[in-house]
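Report on the following structure.
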Amino acid sequence: MNLPFLVAAAIGASALTNLGAATALTGSGATFPAPLYQRWASDFKKVNADVMVNYQSIGSGAGVTQFLQGVTDFGASDTAMKDEEISQSKQNAVMIPATAGSIVLAYNVPGVLAGLKLSRAAYIGILVGGITKWNDPAIAKENPGVNLPSMPITVVSRSDGSGTTAVFTGHCAEVSAEFKEKVGSGKAVTWPVGVAGKGNEGVTALIKQTPGSIGYVEFGFAAHNNLTMAALENKASNFITPSIESAAATLASVKLPDDLRAFILDPKGANDYPVVSFTWLLVRKTYADAAKAAAVKAFVAYGLTTGQATAPLLGYVTLPQEVVTKALAALEPVK
Amino acid sequence: MGGNSIAKGSPGPINRGYRPRPDFFRFSCFLASALTVALLALILGEILYKAWPAINKFGLGFLSGVQWSPNRGVFGVLPVLIGTAASSLLALLFALPLGLAIAVFLSENFLPRPVRQFIRFMVELLAAIPSVVYGLWGIFVVVPLVQQYGAVLADKLGFLPLFAGPAYGNSLLTASLVLALMVLPTITAISRNSLVAVPPTLREGAYALGATRWETILGVILPTAAPGIVASTILSFGRAMGETMAVAMLIGNSQRLSCSLLSPSNTLSALLANQFAEAEGIQVSALMYAAVILVIMTLAVNIAGEAVLRRTQRSLVGLK
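Protein chains in written order, with our numbering: chain Y, 1 to 335; chain W, 1001 to 1320.
Below, the structure is given as structure tokens:
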């Protein structure tokens, strides 16, 4: 029995004693962790029939807005709240890292079924439009023995604003000055090449349908849809295949600051997958309704402990012990 | 106004005595129609209010700006405006000859009436298919076709800017083809109505002067019905401009300037649908500004269409 679990159990137990009649919690925000949060909500109901949690995946931006307006009881965002947003909430918001995931470059190249390796020069070149054919020497160099076709590359990006885009472009802008200058980073950017689809599902559909395409999607989504994913070169110049293990390696090498906001732009570890991000739940420091406060605490504590075991099943990464401890400590004063 | 005098409760100048006063029915009808107009004004006002920060900041440069980069606070809608106009005009280019041919065919007595009714019903049923279904159909049928033949086109005619490669499946051409199908029922129905409304005396007169059926159609029927056909085209244009879901699924959503039909593009409505949920700060205002432009464009087009349609109906009544 480990410490975080005990803390969670203690928080949960103290919370549950306050629960009388059924409490309904509404949350909204990021689409990226939505499958996991919804799973937590349904699992949580099994152990705690009094609380109904309803999570709507409407996007990080809208989720933060609704949370700040007081429409929802908790929010969720792929990008940590900005300082101005926290001050807008009158210092009444706490950000709790809830899970993490990686973003992959998935491709559809006839004849290349798996194992494509992309160096930093190669994938940045593709994204800014400098590399336009699959048999470009920059790609071929790292893939000896792979029969790369002379086919135009179609870059697939997100047409909607998205935390996935923010994390991915954040990484690209960090590793390439050219990318930073031509594209920049943010939730919605202008891509120099290619087509765009709405949501992870839109991008997935475009990749599946377009021979010669490559695009960025969230790992769980790519794995679930059997997309082929490229191994990317990390800071230590190793090619890392995206997996839950390689993402966990990245998380293990990150030191989370006390405000729990960490952006992993370019991890240093030898076996770290380069594009990994935490995703956060937003809760209030004080709720007007004590039953609601207790229910939110119980639900988030459940996600941080029992819920972490569910994460890998859906393609997310279990948070390291140290992060869970810090997150539970941040949850503690909520009332 | 009759409504006003009733609202004040004063007796109107003409009282035929068949309805007791006050006339609640007329009053509530007036209220309902006034509310409808007020609603439109309210929507416009709200959009304008939300768009104001962007209108203030970007001014008319918004219309001529070629870059839309929310992450840098740069907003310009020229590529999107061009995409909106180009996709709608191309759709009309494809749909007008087909729709007009169907309308002429259905208004002549080439086939027994029940068969014509059946075909007419089928064409008009196209209007009942939800937009998202058109989008899905486009993804599974039109996109692969355009991908396949677009590559050939780009290969053979790539020297023309219009067909410059690389060819994308999700492109301006794909969206226009599906839009053409979506506006086909509008063109057909309104054109057929105005063709049918051409007084039979004109047709009989043409025949009496020795004209063949072909000459009658081209020389008498079509010119007489022309304003109605123009109106149908304008109304279809309005529909194509405002169409959102199917276009967002097919056009490739890229805000880059390009002359090629085989390149991805974007439209105002698709841009709004895509970016609204995650927008914040000035981006919301910029999107509202784009919405203002879209509303003005569609309103202008629809008013023009209605005006032409009214004039036609009046002139045809005069002919009888």
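Beta carbons: idealized from backbone N, C-alpha and C, even for Gly. From a predicted model like this one, the values you see are computed outputs, not experimental measurements.
Requested in this report: Determine which residues share a DSSP beta bridge with W/G1242 and list them.
Outcome: As a first step, residue 1242 of chain W must be located in the second sequence, where it is residue number 242. None, per the DSSP bridge assignment.
Query raised in the report: When the Cα atoms are used, what is the spatial distance from Y/V128 to Y/F278?
Result: In the first sequence, the residue the question calls residue 128 of chain Y occupies position 128. In the first sequence, the residue the question calls residue 278 of chain Y occupies position 278. Spanning the two alpha carbons is a distance of roughly 26 Å.
Report task. Assign W/W1068 to one of three DSSP states: helix, strand, or coil. Result -> Counted from its first residue, the second sequence places residue 1068 of chain W at position 68. Reduced to three states, the DSSP call for W/W1068 is strand.
Query raised in the report: Is there at least one Cβ from chain W nearer than 9 Å to Y/Q69's Cβ?
Result: Position 69 of the first sequence, counting from 1, holds the residue named residue 69 of chain Y. No, Y/Q69 does not count as interfacial toward chain W.
Query raised in the report: What are the boundary residues of the alpha helix (DSSP H) that includes W/V1198?
Result: For the purposes of this step, residue 1198 of chain W is taken as the residue at position 198 of the second sequence. Segment: none, W/V1198 is in no alpha helix (DSSP H) and carries neither H nor E.
Query raised in the report: Sorted by chain position, which residues of the same chain lie with C-beta nearer than 7 Å to Y/H171's C-beta, five sequence neighbours on each side aside?
Result: As a working note, residue 171 of chain Y is residue 171 in the first sequence. Here the set comprises L265, D266, P274, V275.
Report task. Could you spell out where the beta strand (DSSP E) holding Y/W134 opens and where it closes? Result -> To locate residue 134 of chain Y, count along the first sequence from 1; it is residue 134. No beta strand (DSSP E) contains Y/W134, which DSSP labels as neither H nor E.
Report task. Verify the CB distance criterion: does Y/S162 have a CB-CB separation below 9 Å to chain W? Result -> In the first sequence, counting from the first residue as 1, residue 162 of chain Y sits at position 162. Chain W contact via Cβ: present.
Query raised in the report: Between W/V1143 and the rest of its own chain, which residues show a CB-CB distance below 8 Å, the 5 nearest in sequence each way excluded?
Result: For this step, residue 1143 of chain W is matched to residue 143 along the second sequence. Answer for W/V1143: G1169, N1170, T1174, L1250, listed in chain order.
Query - Identified DSSP bridge partners for Y/R158 - result: Along the first sequence, one-based indexing puts residue 158 of chain Y at 158. DSSP, once it has assigned bridges, lists Y/G197 as partnering Y/R158.
Query raised in the report: Excluding five sequence neighbours on each side, which residues of the same chain lie with their C-beta closer than 8 Å to the C-beta of Y/V317?
Result: Counting from one through the first sequence, the residue named residue 317 of chain Y turns up at place 317. Same-chain partners within the cutoff: T99, A100, G101, S102, I244, A247, A248, L251, V276, A311.
Query raised in the report: Where does the unbroken alpha helix (DSSP H) through Y/E233 begin, and where does it stop?
Result: Residue mapping note: residue 233 of chain Y aligns to position 233 of the first sequence, counting from 1. Counting along the chain, Y/E233 falls outside any alpha helix (DSSP H), though it belongs to the beta strand (DSSP E) covering 231-233.
Requested in this report: Output the distance between the C-alpha atoms of W/S1087 and W/V1080, rounded to the nearest integer angstrom.
Outcome: Position 87 of the second sequence, counting from 1, holds the residue named residue 1087 of chain W. Position 80 of the second sequence, counting from 1, holds the residue named residue 1080 of chain W. Straight-line Cα distance between these residues: approximately 10 Å.
Query raised in the report: So which residues on chain Y does W/S1254 lean against when the C-beta distance must stay under 9 Å?
Result: Residue numbering aside, residue 1254 of chain W sits at position 254 when the second sequence is read from its first letter. The answer, in chain order, is S157, S159, T190, W191, V193, G194, V195, A196.
Report task. In the DSSP assignment, find the unbroken alpha helix (DSSP H) run with Y/S77 in it and report its ends. Result -> Position 77 of the first sequence, counted from the start, is the residue given in the question as residue 77 of chain Y. Here Y/S77 belongs to no alpha helix (DSSP H); instead the beta strand (DSSP E) covers 74-77.
Query - Nearest to Y/A330 (by Cα), restricted to the options Y/P320, Y/V300, Y/L319, Y/L313 - result: Mapped onto the first sequence, residue 330 of chain Y falls at position 330. Of the candidates Y/P320, Y/V300, Y/L319, Y/L313, the one whose C-alpha sits nearest the C-alpha of Y/A330 is Y/V300.
Query raised in the report: From Y/M1 to Y/T305, what distance separates their C-alpha atoms?
Result: Mapped onto the first sequence, residue 1 of chain Y falls at position 1. Mapped onto the first sequence, residue 305 of chain Y falls at position 305. For Y/M1, the pLDDT reaches just 43, beneath the cut-off of 50, and the residue's location in the model is therefore unreliable, although a value from the coordinates is still provided. Approximately 12 Å, taken between the alpha carbons.
Query - Given Y/P196 as reference, the closest of Y/V155, Y/A230, Y/A222, Y/N225 once Cα atoms are compared - result: For the purposes of this step, residue 196 of chain Y is identified with residue 196 of the first sequence, where counting begins at 1. In the sequence as presented, Pro is not what sits at residue 196 of chain Y; that position holds Ala. Taking only the C-alpha atoms, the option nearest Y/A196 is Y/V155.
Query - chain Y within 9 Å of W/M1249, Cβ atoms only - result: Residue numbering aside, residue 1249 of chain W sits at position 249 when the second sequence is read from its first letter. With 9 Å as the cut-off, W/M1249 counts as an interface residue toward chain Y.
Query raised in the report: In chain order, what residues of the region 249-266 of chain Y put their CB closer than 7 Å to some CB of chain W?
Result: none
**Report entry** Residues that W/Y1168 contacts on chain Y, provided the C-beta gap is smaller than 7 Å
**Finding:** Position 168 of the second sequence, counted from the start, is the residue given in the question as residue 1168 of chain W. T154, V195, listed in chain order.
Report task. Identify which residue in Y/I214, Y/P97, Y/N92 has its Cα closest to the Cα of Y/W134. Result -> Within the first sequence, residue 134 of chain Y is the residue found at index 134, counting from 1. Among Y/I214, Y/P97, Y/N92, the Cα nearest to that of Y/W134 is on Y/I214.
**Report entry** Proximal chain W residues relative to Y/T210, where beta-carbon distance stays under 9 Å
**Finding:** In the first sequence, the residue the question calls residue 210 of chain Y occupies position 210. In chain order: V1143, Q1147, Y1168, G1169, N1170.
Requested in this report: Specify the secondary structure class of W/I1234 as computed by DSSP and reduced to three states.
Outcome: Taking the first residue of the second sequence as 1, we reach residue 1234 of chain W at position 234. Helix at W/I1234.
Query raised in the report: What residue range is occupied by the uninterrupted alpha helix (DSSP H) comprising Y/V296?
Result: Walking along the first sequence from the start, residue 296 of chain Y turns up at place 296. 290-304 is the span of the alpha helix (DSSP H), which, as asked, contains Y/V296.
Query raised in the report: Using a Cβ-Cβ distance under 9 Å, would Y/L118 count as near chain W?
Result: Locating residue 118 of chain Y in the first sequence gives position 118, where the first residue counts as 1. It does not: the Cβ of Y/L118 has no partner Cβ on chain W nearer than 9 Å.
Report task. Identify whether W/R1314 lies in helix, strand or coil by the three-state DSSP scheme. Result -> Residue 1314 of chain W sits at position 314 when you count from the first residue of the second sequence. W/R1314 falls in the helix class under three-state DSSP.
Report task. For Y/A131, return the contacting residues in chain W, with the cut-off set at a CB-CB distance below 9 Å. Result -> If you number the first sequence from 1, residue 131 of chain Y lands on position 131. It should be pointed out that residue 131 of chain Y corresponds to Ile in this sequence rather than to Ala. Result: empty, since nearest Cβ-Cβ is about 13 Å, beyond 9 Å.
Query raised in the report: Would Y/I139 count as contacting chain W if we go by Cβ distances under 9 Å?
Result: Numbered from its first residue, the first sequence carries residue 139 of chain Y at position 139. Chain W, which has no Cβ nearer than 9 Å to the Cβ of Y/I139, makes this no.
Query - Supposed close pair Y/F219, Y/P242 - CB separation, criterion 8 Å - result: For the purposes of this step, residue 219 of chain Y is taken as the residue at position 219 of the first sequence. For the purposes of this step, residue 242 of chain Y is taken as the residue at position 242 of the first sequence. That belief holds up - the Cβ atoms of Y/F219 and Y/P242 are roughly 6 Å apart, short of 8 Å.
Query raised in the report: Using 8 Å as the Cβ pair cut-off and three pairs as the minimum, do the region 64-80 of chain Y and the region 280-296 of chain Y touch?
Result: yes
Query raised in the report: Closest Cβ-Cβ distance between Y/V51 and chain W: below 9 Å?
Result: Residue numbering aside, residue 51 of chain Y sits at position 51 when the first sequence is read from its first letter. Not an interface residue.
**Report entry** Beta-carbon proximity check, Y/R120 vs Y/S176, cutoff 9 Å
**Finding:** Residue numbering aside, residue 120 of chain Y sits at position 120 when the first sequence is read from its first letter. Residue numbering aside, residue 176 of chain Y sits at position 176 when the first sequence is read from its first letter. Cβ distance < 9 Å, so Y/R120 and Y/S176 count as in contact.
Query raised in the report: Which residue from Y/G199, Y/A122, Y/F44 puts its Cα closest to that of Y/T164?
Result: Walking along the first sequence from the start, residue 164 of chain Y turns up at place 164. Taking only the C-alpha atoms, the option nearest Y/T164 is Y/G199.
Requested in this report: Taking C-beta pairs closer than 8 Å, name the residues in chain Y that W/P1264 reaches, listed in chain order.
Outcome: Taking the second sequence and counting its residues from 1, one reaches residue 1264 of chain W at position 264. Under the 8 Å cutoff, chain Y gives G194, V195, A196.
Query raised in the report: Can we say the region 1221-1238 of chain W touches the region 1293-1309 of chain W, given the rule of at least three CB pairs closer than 8 Å?
Result: yes
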